[in-house]
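Peer 1:
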Amino acid sequence: MKAMLEQPNGLARRILAKAGSEPTRLLERTDEFIRRQPRVSGGSAQVLGRNLEGLVNRAMELQKKWGDQFVSIEHMVMAMADDGRFGEGMFKAEGLSKDKIEQAVKDIRGSSKVVDQDPEGKYEALSKYARDLTAAARDGKLDPVIGRDDEIRRTIQILSRRTKNNPVLIGEPGVGKTAVVEGLAQRIVAGDVPDALQGRSLMALDMGALIAGAKYRGEFEDRLKAVINEVTESAGRIILFIDEIHTIVGAGATEGSMDASNLLKPMLARGELRCIGATTLDEYRKYIEKDAALERRFQQVYVDQPTVAETVSILRGLRERYEVHHGVRISDSALVEAAVLSDRYIADRFLPDKAIDLVDEAAAKLKMEITSKPMALDEIDRKVLQLEMERLSLEKVSDRGAAARLATLDAELSRLKSEQQVITAQWQREKADMSRVQDLKEEIERVNIEIAQAERDYDLNRAAELKYGTLLNLQNQLKAAEEALARKVKESGNGAASGVSKLLKEEVTEQDIAEIISKWTGIPVSKLVESEREKLLHLAEELHKRVIGQDGAVEAVADAIQRSRAGLSDPNRPIASFMFLGPTGVGKTELAKALAQFLFNTEDAMVRIDMSEYMEKHSVSRLIGAPPGYVGYDEGGQLTEAVRRRPYAVILFDEVEKAHADVFNVLLQILDDGRVTDSQGRVVSFKNAIIILTSNLGSANILEMASALEGDDLAAKSAIKNLVMAQVRSHFRPEFVNRIDEFIIFDPLSQEQIASIVRLQARRVAERLAEKKIGLQLTESAVRHLAAVGYDPVYGARPVKRAVQRELETNIAKALLRGEFVEDDTIVVEADELHGGLLLKHGNKLSEGTAANTGARAGNWRESIAK
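Take 1 as the starting number for the sequence shown in the UniProt record's numbering and just add one per residue.
Below you can see the structure in the form of structure tokens.
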């Protein structure tokens with residue numbers, strides 16, 4: 001008896017618990033009885049006692065009486081009830097009779113027989129391997145299901161059929177297939193179903209639990225058969241739900257044995273087993289449709305993605321659950337923003353799942369901030385720690401300066417500790433107020449579940465007592481607590497000027513949702529702060545710091561970014577698409593790099609596709625991925641994978657005229673609809689990308705006509721544009737040309753612009769010298785000389801870089817190696833009018849004059865170059 005009771009989830013404990021006893025108390029009685037028995041020492045052989053022999057004989061008689069093939073635990077427990085020495089008295093003391101124990105065995109076994117040596121594994125199989133959804137709905141553990149009435153009605157209709165009464169819910173991941181079944185469970189509990197489903201139990205089968213631990217061949221099949229037998233013996237009272245139903249195909253199949261689907265097929269067709277399945281479209285096609293015999297037994301119910309408006313309704317229904325769980329308030333505008341922004345910016349997931357995740361994460365972020373130490377307090381704590389360490393260090397020094405510093409430190413520490421106490425007390429008060437509101441909400445939710453249960457049981461007195469007594473009282477307390485909290489928020493808002501501002505924020509707003517979207521996708525959708533607004537208004541000036549001249553191109557790019565961040569660009573197309581046309585070296589690629597630097601603070605954020613690598617017809621597969629059956633199919637495309645990972649990007653197609661004509665077919669839908677389907681069938685969104693194509697088409701015409709151009713000759717510029725566009729139209733197909741937002745002609749660089757580029761290049765040299773604490777000044781004559789050497793209208797700015805490297809960097813490097821200039825020197829560069837080239841001279845020491853100020857070492861050359 002002791003051995004049987006010591007098994008934690010053993011059959012003996014389950015039988016006795018079901019009969020109305022407490023197994024732990026029985027184990028204590030057994031231990032007490034064993035302690036009282038006489039002990040025999042010195043005996044060598046184990047002898048079977050007369051009482052134990054009688055117990056086994058009675059168990060064998062019960063085995064024959066119950067029609068079993070083996071003696072099992074339940075036979076031993078029932079036989080123990082007739083044990084005059086111990087069992088009978090113990091059971092009587094616990095109020096257990098033979099009839100109660102036999103009834104408990106019948107309840108647990110059902111109609112099962114002991115036909116093998118492990119019968120216990122098949123008893124109460126449903127309670128082990130399935131979860132009762134109707135019980136969960138009764139206890140208020142399921143989230144409310146909003147909408148989905150058509151799908152639930154169609155599911156009920158199929159379940160009411162005589163045969164093949166098995167609906168399978170098919171839809172994309174995250175659209176709410178499991179929620180439809182949970183909604184059905186809630187309707188069954190509420191009695192809002194036809195008579196055919198009244199009082200039924202909905203059990204969700206856990207395939208993982210069924211398979212887990214099935215070590216021996218046939219063990220999985222035994223478990224599944226036990227589950228199926230329990231369901232069929234219930235005579236329709238139990239409906240089985242299998243989530244991810246495609247997992248039954250092949251589950252448990254080993255060499256020579258059947259899988260789960262083949263075990264289910266006979267009963268599914270006859271209507272003996274009512275089963276609801278749920279799976280995605282892809283997995284249904286891949287697993288279920290291949291088995292026509294299995295597919296015909298299920299009736300399909302399509303679950304579509306809800307609209308944005310329906311998603312908002314779903315979120316409003318779920319709001320209370322998330323508020324109670326996280327202990328925060330969620331504003332209605334945040335719910336609307338979650339539905340709208342997730343639909344617009346998260347392309348590879350489905351509503352309502354992605355919107356619910358947004359709200360959940362935003363609320364979790366706020367909860368984390370509430371339970372963590374506020375930033376204001378954390379800063380003071382760190383400052384106090386720093387000052388205390390400094391104080392300990394100064395106590396070991398005995399000079400007059402240290403004593404004065406100690407006095408200052410003590411005063412500062414006293415002030416900070418006083419402030420620390422005030423802020424800590426305020427934080428604890430605010431936390432306590434919020435916890436009080438959360439506790440009341442949780443209590444109200446619990447009382448509502450009790451009211452629903454009382455109404456279902458027709459205990460109207462209890463329901464009225466809870467509804468008009470306990471619930472009303474709790475609601476009044478909650479209202480008072482929320483009003484007190486709101487009053488404190490208002491007071492802290494008024495007191496912000498005096499430094500008594502609120503430390504904790506308890507409401508999720510649309511700004512919180514926007515911040516989570518930005519973290520997920522990298523797309524800046526949060527409201528513009530003042531500093532960023534100023535930065536965007538001066539975007540053209542920022543770009544001009546790197547791109548000299550090309551006013552039209554810079555303005556066009558700046559306008560597109562400003563439209564996008566103001567929220568006025570078309571949400572169904574890329575932010576902008578440009579084709580930059582012009583000679584080599586005039587700043588086409590540099591402008592794309594400057595834009596990436598401005599938006600992401602790094603040039604590496606730009607997705608650069610060199611179109612010279614796509615000269616073959618088949619190379620288009622590198623952009624969107626190789627087709628099925630080809631090498632690299634699983635890797636995806638260079639373009640699509642980069643944009644999937646970073647949807648907000650500058651995409652540069654460099655030297656686009658060099659690519660094969662068929663490559664442009666892929667770009668058509670990107671430029672028009674802002675989307676493309678990759679080789680694996682995934683839709684990749686380009687709606688948050690800036691697409692820039694560069695080309696040298698017509699550069700000969702630009703150079704030829706630009707030489708005769710005087711100032712802002714609009715007629716000549718128009719003629720150049722017409723000539724270049726004629727070449728563009730002859731090279732690219734009309735449907736491609738028609739999809740580009742703007743064609744921008746880059747002008748050849750003038751002598752003055754080349755001089756500006758020289759200053760820009762010299763500034764970079766000066767930055768490198770500043771690291772060695774050496775200054776650099778370029779005179780105007782040196783700038784003119786480098787501009788003259790580097791000026792070539794055909795090659796643009798690239799020769800300037802080479803000239804600066806050859807004439808300036810090389811000379812400075814040699815002078816440094818010779819030791820002519822050391823730390824704190826300033827190199828003054830002049831043109832050598834007599835011999836040509838450049839002269840390097842000593843200027844003022846960096847430590848002299850204004851350069852002596854901290855951080856001004858790199859300032860000298862900026863002033864001199866600007867002159």
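Where a beta carbon is used, it is the ideal one built from N, C-alpha and C, also for glycine.
Let's see if you can read the secondary structure: which residues bound the alpha helix (DSSP H) around E767?
Peer 2: Residues Q751 to A770.
Peer 1: Just to confirm, are V301 and R161 a CB contact at a threshold of 7 Å?
Peer 2: For V301 and R161, no; Cβs fall outside 7 Å.
Peer 1: Tell me which residue opens and which closes the beta strand (DSSP E) that I170 is part of.
Peer 2: Start and end: P167 to I170.
Peer 1: Around the Cβ of V822, are there at least 16 other Cβ atoms within 10 angstroms (buried) or fewer (exposed)?
Peer 2: When all chains shown are included, V822 counts as exposed.
Peer 1: Roughly how many whole angstroms lie between the Cα atoms of A362 and A463?
Peer 2: Cα to Cα, the separation comes out at about 36 Å.
Peer 1: Can you tell me where the alpha helix (DSSP H) with A514 in it begins and where it stops?
Peer 2: From DSSP, the alpha helix (DSSP H) with A514 extends over E510 to T521.
Peer 1: Can you tell me whether V684 is helix, strand or coil according to DSSP?
Peer 2: In the structure shown, V684 sits in a strand (DSSP, three-state: E or B).
Peer 1: Helix, strand or coil for D662, going by three-state DSSP, please let me know.
Peer 2: D662 falls in the coil class under three-state DSSP.
Peer 1: Which same chain residues end up closer than 8 Å to R316 when comparing Cβ atoms and leaving out the 5 residues on each side of it in sequence?
Peer 2: These residues qualify, in order along the chain: I146, D332 and L335.
Peer 1: Assign S127 to buried or exposed, taking buried as 16 or more other Cβ atoms, counted over all protein chains shown, within 10 Å of its Cβ.
Peer 2: Looking at its Cβ environment, which holds fewer than 16 other Cβ atoms inside 10 Å, S127 is exposed.
Peer 1: Who pairs with I238 in a beta bridge, going by DSSP?
Peer 2: Looking at the DSSP assignment, I238 forms a beta bridge with S201.
Peer 1: Using CA coordinates, which residue listed in D149, D192, D99 and S97 is at the minimum distance from D134?
Peer 2: A quick correction: the sequence has Thr, not Asp, at residue 134. Per the Cα distances, D192.
Peer 1: Buried or exposed for A787, please, with buried defined as at least 16 other CB atoms from any protein chain shown within 10 angstroms of its CB.
Peer 2: Under this definition A787 is a buried residue.
Peer 1: Looking at the secondary structure, which residues open and close the alpha helix (DSSP H) in which T155 lies?
Peer 2: Taken as a continuous stretch (DSSP letters only), the alpha helix (DSSP H) holding T155 covers D149 to L159.
Peer 1: So the candidates are L351, E430, K18 and N722; which of them puts its Cα closest to the Cα of D99?
Peer 2: That would be K18, whose Cα lies nearest to the Cα of D99.
Peer 1: In terms of residue numbering, what span does the alpha helix (DSSP H) encompassing Q638 cover?
Peer 2: Here the alpha helix (DSSP H) through Q638 covers Q638 to R645.
Peer 1: Quick check: what's the CA-CA separation for E510 versus V397?
Peer 2: C-alpha separation (whole angstroms): 55 Å.
Peer 1: Excluding the 5 residues preceding and the 5 following A197 in the sequence, name in chain order all residues of the same chain whose CB lies nearer than 7 Å to its CB.
Peer 2: Looking at the sequence shown, residue 197 is not Ala but Leu. Only I156, L159 and I188 meet the Cβ criterion.
Peer 1: Just verifying my parser: in three-state terms, what is the DSSP assignment at Q743?
Peer 2: Checking the displayed sequence, the identity of residue 743 turns out to be Phe instead of Gln. DSSP places F743 in strand when its eight states are reduced to three.
Peer 1: Note the first and the last residue of the continuous alpha helix (DSSP H) segment covering Y345.
Peer 2: It spans D332 to Y345 - the alpha helix (DSSP H) in which Y345 sits, taken as one unbroken run.
Peer 1: Am I right that H731 and E657 are in contact with their C-beta atoms under 8 Å? What's the rounded C-beta distance?
Peer 2: Their Cβ separation, rounded to whole angstroms, is 6 Å, which keeps H731 and E657 in contact under 8 Å.
Peer 1: Anyone know if the C-beta pair for A179 and L202 falls short of 7 Å?
Peer 2: Not a contact, by the Cβ cut-off of 7 Å.
Peer 1: State the DSSP-derived secondary structure class of R25, mapped to helix, strand or coil.
Peer 2: Reduced to three states, the DSSP call for R25 is helix.
Peer 1: Over what stretch of residues does the beta strand (DSSP E) that includes E830 continue unbroken?
Peer 2: That run of the beta strand (DSSP E) goes T826 to A831.
Peer 1: Enumerate in chain order the residues of its own chain whose CB-to-CB distance from G674 is below 7 Å, with the five nearest sequence positions on each side excluded.
Peer 2: Answer for G674: N572, R573, P574, S685, F686 and K687, listed in chain order.
Peer 1: Helix, strand or coil for G495, going by three-state DSSP, please let me know.
Peer 2: In this prediction, G495 has a pLDDT of 48, which is less than 50 and means its spatial position is unreliable; nothing more can be read from the coordinates.
Peer 1: Locate the alpha helix (DSSP H) running through A787, then write down its first and last residues.
Peer 2: Per DSSP, A787 belongs to the alpha helix (DSSP H) from E780 to G790.
Peer 1: Assess contact between the stretch 415–427 and the stretch 379–399, defined as three or more Cβ pairs (one per stretch) separated by less than 8 Å. Is contact present?
Peer 2: They touch, by the three-pair rule.
Peer 1: Going by CA-CA distance only, name the one from I108, F580, G208 and E32 that's closest to residue 869.
Peer 2: Look at the range of the chain in this structure, 1 to 867, and you will see that residue 869 is not part of it.
Peer 1: Work out the CA separation of I691 and I836 for me, nearest whole Å.
Peer 2: Note on residue identity: the sequence assigns Gly, not Ile, to residue 836. Distance between the alpha carbons of G836 and I691: 45 Å.
Peer 1: Which of helix, strand or coil does DSSP assign to E507?
Peer 2: Correct three-state label for E507: strand.
Peer 1: In three-state terms, what does DSSP make of V676?
Peer 2: V676 falls in the strand class under three-state DSSP.
Peer 1: Check each candidate in I517, L568 and S718 and name the one with the smallest Cα separation from P647.
Peer 2: P647 has its Cα closest to that of I517, out of I517, L568 and S718.
Peer 1: Quick check: what's the CA-CA separation for N448 versus L471?
Peer 2: So the alpha carbons of these two residues sit roughly 8 Å apart.
Peer 1: Considering Cα atoms alone, identify which of E735, D747 and T694 is closest to I720.
Peer 2: Of E735, D747 and T694, the residue nearest in Cα terms is D747.
Peer 1: Could you pull out every unbroken alpha helix (DSSP H) segment of at least 4 residues lying fully inside the stretch 282–327, listed in chain order?
Peer 2: Runs found: 292–295 and 308–326.
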